[in-house]
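Student: 1 is the number of the first residue of the sequence shown in the UniProt record's numbering; add one for each residue after it.
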Amino acid sequence: MSDEANASTETADATAQAATTEGLTTEQGATPGETGTTQEQGQREGDQNSNDGGDAGPFALKAPEGAEAFQADFDKFAGDMDGWLKANPNATAREALAEAANRQARTAGEGQQAALAAHNKQISDWEAGLKADPDFGGENFDANVATFLKGVDAVGSPELRQMLDRSGMGSHPEIVKAFHKVGKMVADSSVATGKAGTETRSNFANSLYGSNGKG
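#1: What first and last residue would you give for the alpha helix (DSSP H) that runs through Lys86?
#2: Applying the 10 Å Cβ sphere with the 16-neighbour rule, what's the burial state of Glu127?
#3: Does DSSP put Gly129 in a helix, a strand or coil?
#4: Assign Lys150 to one of two classes, buried (16 or more other C-beta atoms within 10 Å of its C-beta) or exposed (fewer than that).
#5: By alpha-carbon positions, which one of Ala69, Ala72, Ala78 ends up nearest to Leu61?
#6: Please report how far the alpha carbon of Ile175 lies from the alpha carbon of Leu164, in whole angstroms.
#7: From what residue to what residue does the alpha helix (DSSP H) around Gln158 run?
#8: Report, in whole angstroms, the separation of the C-beta atoms of Gly137 and Leu130, which I expect to be a contact under 8 angstroms.
#9: Leaving aside the five residues before and after Gln71 along the sequence, list all residues of the same chain whose C-beta is less than 6 angstroms from its C-beta, in chain order.
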């Protein structure tokens, strides 16, 4: 075979190989020289989607076993955090944990304040109810408070009096009336024996630990 024929054959083979390579790269959606660039661009787009949250659902928390009754509180907290995470897509895990801790601290503080306010209101309502009670309150209120205190002094220890004062249960109508009955029995016994009763303390709010109270 002549040199001219060999050159023609080599040219034909090179042309066929080039056509095959072009067909393959076209089917794959890229052209020669652009394959690496396309892969790098796809990687960058994937990373960006990941940073933006991608298709991840909203942030949620499930109450642990035994605390299912508080699921609504978990849902509220998770909803608040979900909004924060969407508003701060570039936040680090440390920043997210710090925000969650701060929110929990604020929630706990608000809960304690609300509980204290509710507790104080309950005590005020009990005392108002006793003052309005047709048997205990009215013009006999101060005398009945004194009788109640006689009952506490007669059978209650200092620890019991401290518990009644700190808990506010010393203003509970049922407890007051129970000790009032004891105080009446003590008063009747004092009359029968000729012994004087305890001193009257008219200020109900300070009835257990007022200026005239016993330590």
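All C-beta atoms, glycine included, are put in the ideal place defined by N, C-alpha and C.
Tutor: Looking at the atomic coordinates:
#1: Position 86 of the sequence shown, counted from the first residue, corresponds to residue 86. That run of the alpha helix (DSSP H) goes 71-87.
#2: Stepping through the sequence shown from its first residue, residue 127 is reached at position 127. When all chains shown are included, Glu127 counts as buried.
#3: Looking up residue 129 in the sequence shown gives position 129. Gly129 falls in the helix class under three-state DSSP.
#4: Position 150 of the sequence shown holds residue 150. Under this definition Lys150 is a buried residue.
#5: Position 61 of the sequence shown, counted from the first residue, corresponds to residue 61. Nearest option by C-alpha distance: Ala78.
#6: Here residue 175 refers to the residue found at position 175 of the sequence shown. Here residue 164 refers to the residue found at position 164 of the sequence shown. Going from the Cα of Ile175 to the Cα of Leu164 covers about 9 angstroms.
#7: Taking the sequence shown and counting its residues from 1, the one referred to as residue 158 is at position 158. Here residue 158 turns out to be Pro, not Gln, going by the sequence shown. Taken as a continuous stretch (DSSP letters only), the alpha helix (DSSP H) holding Pro158 covers 158-167.
#8: Numbered from its first residue, the sequence shown carries residue 137 at position 137. Numbered from its first residue, the sequence shown carries residue 130 at position 130. That pair is a contact at about 6 angstroms.
#9: In the sequence shown, counting from the first residue as 1, residue 71 sits at position 71. Excluding sequence neighbours, Gln71 sits near Ala63.
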